[in-house]
Every structure is written in structure tokens, then in C-alpha cells.
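These notes concern the structure reproduced below.
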Amino acid sequence: MIHIFTTGGTIEGLDYVDDKNSKSQPITTIDSFLKASNISIDYTIENVFRKDSRHINDADRKLLLDKIEASDSQKILITHGTFTMEHTARFLGQMQLGKTIVLVGSFILGTLANTDAPFNLGYAISSLQFLKPDVFIAMNGQVFHWKNVTKNLETNTFERNDDE
Numbered sequence: 001m002i003h004i005f006t007t008g009g010t011i012e013g014l015d016y017v018d019d020k021n022s023k024s025q026p027i028t029t030i031d032s033f034l035k036a037s038n039i040s041i042d043y044t045i046e047n048v049f050r051k052d053s054r055h056i057n058d059a060d061r062k063l064l065l066d067k068i069e070a071s072d073s074q075k076i077l078i079t080h081g082t083f084t085m086e087h088t089a090r091f092l093g094q095m096q097l098g099k100t101i102v103l104v105g106s107f108i109l110g111t112l113a114n115t116d117a118p119f120n121l122g123y124a125i126s127s128l129q130f131l132k133p134d135v136f137i138a139m140n141g142q143v144f145h146w147k148n149v150t151k152n153l154e155t156n157t158f159e160r161n162d163d164e
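With the first letter of the sequence shown counted as 1, position 116 gets the number 116 in this note's numbering; the numbers rise by one all the way through.
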């Protein structure tokens with residue numbers, strides 16, 4: 001069983017209209033992507049919060065941590081905005097939870113025809129089933145360990161750190 005925690009971001013079609021975290025309601029859901037893909041694995045989805053990841057703070061990460069620790073599942077998928085995904089991955093990685101945790105998001109709004117959301121979600125679910133317990137980011141066909149990832153704002157991609 002995979003426990004999916006949602007936190008907002010463009011993967012859910014949330015279109016943030018200003019820096020005060022105002023947003024529209026999600027137009028698409030993670031469940032709709034999974035159903036459209038005919039996913040046959042057991043999963044449960046729980047919304048933790050819906051935020052632009054630029055506004056996710058330590059209290060939000062602690063709430064997410066509490067939900068992960070309370071989950072009976074050893075496989076955790078977290079949908080997350082890309083702006084601070086690496087920060088949340090580091091926070092969770094340092095906790096050494098003994099579960100396999102994969103964070104995933106999208107660079108293109110989940111409601112647009114050319115979105116990378118369904119591919120990233122499927123790739124993350126596949127990766128989650130083969131990775132050992134630890135924390136990872138799965139984006140655009142690559143898996144990154146929480147200790148060795150950074151978002152390149154110029155290319156809008158995730159990369160491995162040069163120093164590791």
C-alpha cells in the first residue's frame with residue numbers, strides 16, 4: 001500500500017495568483033491522474049495542506065512528518081511544489097524515518113495539456129516500489145537522493161549537487 005500525501009503545487013492544478021498564497025481551488029486531483037492511468041496498486045490519498053511551496057514553513061513540514069510517522073505504510077509519496085521540494089526532502093531525510101519516501105511535483109500546471117504531472121507521478125510511483133528506505137525526489141525521469149539535489153532556477157530542472 002502506498003500512502004500519498006498531497007501538499008499543493010502545480011501538480012494539482014493550483015494556480016497561485018499572488019505572493020500571498022492566494023490560489024484557485026484544485027481543478028485536477030492526484031486521484032484523477034491515477035484513475036486515468038488505470039493504476040492497479042493499492043494506494044490511499046490524504047490531503048495535508050494546499051500551499052504554494054514558497055509558503056511551506058517548518059510547522060507545515062512538522063505536520064507532514066507527523067502524518068508520515070502515523071502512517072502504517074512503508075511507501076510514502078508526497079506531491080509537492082517544486083520551489084521548496086528540496087528543502088522538505090532534506091527536512092524529512094534528516095529524520096531517518098526508515099520508510100521509502102518520494103517527493104514529486106510538476107513544472108507545468110497539472111491542468112494544462114502539455115503538463116509533465118502524469119509522467120512525473122507515474123515515474124515516482126514506479127521508483128517508490130524499487131527504492132530502499134530513504135528520502136528521494138523523482139522528477140522528469142530522474143531520481144535524486146535528499147542529500148544530493150538542488151533546483152536549478154535558470155533551467156527549471158533538478159540536478160545533483162556538484163559537491164557530492
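We put the beta carbon where it would ideally sit given N, CA and C, even for glycine.
Phe-33 carries a helical assignment under DSSP once its states are collapsed to helix, strand and coil. Within its own chain, the residues whose Cβ lies closer than 7 Å to the Cβ of Gly-141, once the five positions on either side in sequence are excluded, are Tyr-123, listed in chain order. Nearest neighbour of Gly-110 by Cα position, chosen from His-3, Ser-32, Phe-5, turns out to be Ser-32.
Below 8 Å, too few C-beta pairs join the segment 35-53 and the segment 92-103 to call them touching: fewer than three. Thr-82 is classed as buried because its beta carbon has at least 16 other beta carbons within 10 Å across all chains shown. Taking all protein chains in view, the Cβ of Phe-130 is surrounded by fewer than 16 other Cβ atoms within 10 Å, so the residue is classified as exposed. The residue from Ser-126, Phe-5, Asn-156, Trp-146 with its alpha-carbon nearest to that of Ser-37 is Ser-126. Residue pairing by DSSP places Asp-134 opposite Thr-100 in a beta bridge. With a threshold of 16 other beta carbon atoms within 10 Å, Asp-58 falls short and is exposed.
For Ile-11, the closest alpha carbon among the candidates Phe-136, Val-143, Asn-120 is that of Asn-120.
In this structure, Ser-53 sits away from Gly-13, with a CB-CB distance that is not shorter than 9 Å. Burial of Ala-117 is indicated by the presence of at least 16 other C-beta atoms within 10 angstroms of its C-beta.
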